[in-house]
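Have a look at the structure below, then the notes.
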Amino acid sequence: CFKRRPDGIHLINLKKTWEKLLLAARAIVAIENPAEVCAISSRPYGQRAVLKFASFTGATPIAGRFTPGTFTNQIQAAFREPRLLVVCDPRADHQPVTEASYVNLPVIAFCNTDATLRYVDIAIPCNNKSQHSIGLMWWMLTREVLRMRGSILRDIPWEIMVDLFFYRDPEETEKEEQAQQVAPERAVKEVAEYTTEQWGGGDVATATAEVTDWSATAEVSTFGAAAPAAAAPVAAPVATEDWSAAPVEDWSATTPAAPAASATGTTTTTEWGAGTDTTWG
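Sequential numbering from 1 applies to the sequence shown in the UniProt record's numbering.
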């Protein structure tokens with residue numbers, strides 16, 4: 001703690017924080033086997049940061065509830081014998097800190113202004129209550145360990161972003177995953193609406209202009225075949241003025257002429273065997 005304000009707020013000296021961070025990184029690098037470094041966080045805000053720290057440095061993570069007797073009870077399956085312990089909060093992780101004192105394990109802890117320093121060998125003063133603050137401290141410790149090992153250069157910025165160490169709400173993560181699953185389906189549907197199939201392997205003919213004169217013959221584009229010749233228009237029959245005339249069934253036959261009248265004023269009969277005289281008796 002650097003000093004305390006009149007309203008009770010404690011101020012942390014960041015220079016001391018950086019010095020303790022470098023000291024903790026040197027202690028971690030001094031361990032030959034990275035798996036013998038145990039990183040513990042029972043608080044949700046530090047669990048993701050602990051897992052990322054372990055994945056980059058090769059340490060052994062314990063995220064969540066710490067099983068009592070992990071460092072002291074040799075008959076249980078979760079028994080471990082680490083050489084160095086890194087805890088997120090000495091108040092929340094009091095059980096592993098106490099067991100580390102039984103087996104003479106050095107302890108590195110991120111300590112707030114109200115944290116106890118009992119059994120803590122290297123205390124890094126910082127705000128371990130905020131999800132962003134504790135994630136940033138684990139990220140800085142990871143980067144410094146990798147720099148001291150020679151895995152990354154100091155002149156080049158580390159490609160891993162700090163937000164990878166931040167705590168994320170499971171509900172928000174699930175909503176983001178659902179949104180990512182729905183987005184590709186919409187993209188596929190939009191692409192499928194504008195895709196066209198070409199039959200015959202040739203280019204599809206462009207659309208013809210709008211027809212304004214329907215009486216004119218229009219050229220029809222076909223695929224691989226010549227357009228048939230247009231049929232000659234059929235003339236409609238001319239109506240006759242005599243509506244009493246019988247309809248003509250056979251238009252190819254010649255129309256018979258009307259019989260001529262005789263001099264006597266009589267007409268020729270069509271009955272065979274009858275005389276031409278119309279007077280009887």
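Ideal placement from N, C-alpha and C gives every residue a C-beta, glycine not left out.
For residue i, which three-state DSSP category applies?
| i | result |
| --- | --- |
| P59 | The amino acid at residue 59 is misidentified as Pro; the sequence shows Ala. It is coil, neither helix nor strand. |
| F66 | coil |
| S101 | helix |
| P44 | helix |
| C110 | Note that residue 110 is Phe in the sequence shown, not Cys. The answer is strand: DSSP assigns F110 an E or B state. |
| P157 | coil |
| I124 | strand |
| R92 | Before going further, note that residue 92 is Ala rather than Arg in the sequence given. Reduced to three states, the DSSP call for A92 is coil. |
| S133 | helix |
| E32 | coil |
| E81 | coil |
| E19 | helix |
| Q76 | coil |
| T116 | coil |
| F71 | coil |
Going by DSSP, which residues form a beta bridge with residue i?
| i | result |
| --- | --- |
| F166 | DSSP lists no partner for F166. |
| R4 | H10 |
| A39 | P61 and V86 |
Let me know if residue i comes out buried or exposed under the rule of 16 or more other beta-carbons within 10 Å of its beta-carbon.
| i | result |
| --- | --- |
| A30 | exposed |
| M161 | exposed |
| N73 | exposed |
| G46 | buried |
| L117 | exposed |
| Y97 | According to the sequence shown, residue 97 is Val rather than Tyr. V97 comes out buried. |
| S262 | A caution first: S262 carries a pLDDT of 48, below 50, which makes its placement in the model too unreliable to give a value. |
| P61 | buried |
| R143 | buried |
| D114 | exposed |
| A179 | exposed |
| D169 | exposed |
| L153 | exposed |
| P157 | exposed |
| L21 | buried |
| P90 | buried |
| A77 | exposed |
| N112 | buried |
| V37 | buried |
| N104 | exposed |
Could you round the C-beta distance between residue i and residue j to whole angstroms and report it? I think they count as a contact, below 8 Å.
| i | j | result |
| --- | --- | --- |
| S42 | F66 | 6 Å |
| V145 | A25 | 5 Å |
| F79 | Q131 | Incorrect: roughly 32 Å between the Cβ atoms, too far for contact. |
| A100 | Y119 | 7 Å |
| V87 | I40 | 5 Å |
>> Check whether the segment 79-87 and the segment 23-41 touch, using three or more Cβ-Cβ pairs below 8 Å as the test.
In response: yes
>> Would you call the segment 122-142 in contact with the segment 106-113, where contact means no fewer than 3 C-beta pairs closer than 8 Å?
In response: yes
>> Is it the case that the segment 4-13 contacts the segment 47-63, given that we only count it when at least three CB pairs across the two stretches are under 8 Å?
In response: no
>> Within 8 Å, do at least three Cβ pairs link the segment 35-50 to the segment 138-155?
In response: yes
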